[in-house]
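What follows is a set of notes on a single structure, which appears directly below.
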Amino acid sequence: DAGITQSPRHKVTETGTPVTLRCHQTENHRYMYWYRQDPGHGLRLIHYSYGVKDTDKGEVSDGYSVSRSKTEDFLLTLESATSSQTSVYFCAIKGLAGNTGELFFGEGSRLTVL
Amino acid sequence: TQLLEQSPQFLSIQEGENLTVYCNSSSVFSSLQWYRQEPGEGPVLLVTVVTGGEVKKLKRLTFQFGDARKDSSLHITAAQTGDTGLYLCAGADNYGQNFVFGPGTRLSVLP
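Line by line, the protein sequences give chains A and B.
With our numbering, letter number 50 in the first sequence gets 149, and the count goes up by one each step, no holes.
With our numbering, letter number 27 in the second sequence gets 28, and the count goes up by one each step, no holes.
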């Protein structure tokens, strides 16, 4: 158990509304990631963080923003949700196995945008 | 952009059969990982391979990293129904900071 909690686990919202997903870790890991998972695409990186207030974009960052004001929390915000952002969102932290590391994932947040 | 392809996309076999799934790329990765994901859960790491030509075994699962560190295979011997799931490969960049995932192979092992 890597101590990762995602909230909410399920959310239904309407197009144009803001949405924030939260990822909380209890083990003080430096690297945190937000991925989205869609059929046929596997996991695609949205944003990642390498420390407090240090974040960078992934391959599918358009329409998303992130914040990391504390080591333990990494927030993903959809400023104005669109139907194309309907997906399952996974937060991950990188373990400390040298340079290779390994990713520990949360249980996912299923978002439906109507 | 580094891309990973996986084949086959879907695989349905009978319990006791052997199978191999593949992960291929035109890019070189510093390491490659295999994850298994069950419905409603996040992926869980099975193995990390680092050295070209490396072979790792995990009970009935055998993982191989290509000599050029661009591809990998996962072989399952005598599949069991508990092996059912989505198998994802992921390549790490040179710094081990970012991971690119393949689209996955969805395996169904029937009793």
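Don't be surprised by glycine CBs; every beta carbon is placed ideally from N, CA and C.
Note that the coordinates shown come from a computational prediction; the quantities given were computed from them, not determined experimentally.
With a cut-off of 8 Å on the beta carbons, I'd call residue i and residue j a contact; round off their distance for me.
i	j	result
B:Asp-68	B:Gly-83	Contact doesn't hold; Cβ gap of about 32 Å is too wide.
B:Leu-108	B:Gly-86	6 Å
B:Ser-8	B:Leu-33	Not really, about 15 Å apart at Cβ, beyond 8 Å.
A:Phe-236	A:Gln-124	There is simply no residue 236 of chain A to check, as chain A begins at 100 and stops at 213 in what is shown.
B:Glu-16	B:Gln-81	6 Å
When we look at the beta-carbon of residue i and count the other beta-carbons within 10 Å, is it buried (16 or more) or exposed?
i	result
A:Arg-108	exposed
A:Lys-193	buried
B:Phe-64	buried
A:Asp-155	exposed
B:Gly-97	buried
A:Pro-138	exposed
A:Ser-182	exposed
A:Ser-148	buried
A:Val-111	exposed
B:Val-110	buried
B:Val-29	exposed
Give the straight-line distance between the Cα atoms of residue i and residue j, rounded to the nearest whole angstrom.
i	j	result
A:Arg-209	A:Thr-185	8 Å
B:Thr-106	A:Ser-164	30 Å
B:Asn-25	B:His-76	15 Å
A:Leu-202	B:Ala-79	28 Å
A:Leu-213	A:Thr-114	6 Å
A:Asp-172	A:Cys-122	6 Å
B:Arg-61	A:Glu-178	46 Å
B:Phe-102	B:Leu-5	6 Å
A:His-140	A:Val-187	12 Å
B:Ser-31	B:Phe-100	10 Å
A:Ile-145	A:Val-159	5 Å
B:Leu-89	A:Val-118	28 Å
B:Glu-42	A:Ser-106	14 Å
B:Val-56	A:Glu-206	30 Å
A:Val-151	A:Thr-170	6 Å
A:Tyr-132	B:Leu-12	30 Å
B:Val-22	B:Tyr-36	13 Å
B:Lys-71	A:Asn-127	32 Å
In terms of residues, what are the limits of the beta strand (DSSP E) holding residue i?
i	result
A:Arg-143	141-150
B:Tyr-88	86-93
A:Ala-134	The question names Ala, yet the displayed sequence has Tyr at residue 134 of chain A. It spans 131-137 - the beta strand (DSSP E) in which A:Tyr-134 sits, taken as one unbroken run.
A:Thr-112	109-112
B:Ser-74	72-77
A:Ala-180	First-last for A:Ala-180: undefined, no H or E at that position.
B:Tyr-36	32-38
A:Ala-188	The sequence as given places Tyr at residue 188 of chain A; Ala does not occur at that position. Taken as a continuous stretch (DSSP letters only), the beta strand (DSSP E) holding A:Tyr-188 covers 186-193.
B:Gln-7	6-8
A:Asp-161	Note, A:Asp-161: premise wrong, no beta strand (DSSP E); not H, not E.
B:Val-51	Counting along the chain, B:Val-51 falls outside any beta strand (DSSP E), and DSSP gives it neither H nor E.
B:Val-29	Where B:Val-29 is concerned, there is no enclosing beta strand (DSSP E), given that its DSSP letter is neither H nor E.
A:Lys-156	153-156
* Asked: Looking at chain A, which residues of the stretch 69-100 of chain B have a Cβ within less than 8 Å of any of its Cβ atoms?
  -> Leu-89, Ala-91, Ala-93, Tyr-96, Gly-97, Gln-98, Asn-99, Phe-100
* **Proximal residues, the stretch 40-55 of chain B versus chain A, C-beta separation under 7 Å** => Glu-42, Gly-43, Pro-44, Leu-46, Thr-49, Val-51
* To do: Name, going along the chain, the residues of the stretch 137-156 of chain A whose beta-carbon falls closer than 8 Å to a beta-carbon of chain B.
  => Gly-139, His-140, Gly-141, Leu-142, Arg-143, Leu-144, Tyr-147, Tyr-149
* Asked: Mind listing which residues of the stretch 105-134 of chain A have their C-beta closer than 7 Å to chain B's C-betas, in chain order?
  -> Tyr-130
* Asked: Using a beta-carbon distance cut-off of less than 7 Å, what residues from the stretch 202-213 of chain A approach chain B?
  -> Leu-202, Phe-204, Gly-205, Glu-206, Gly-207
* the stretch 29-40 of chain B: positions lying closer than 9 Å to chain A by Cβ -> Ser-31, Ser-32, Gln-34, Tyr-36, Gln-38
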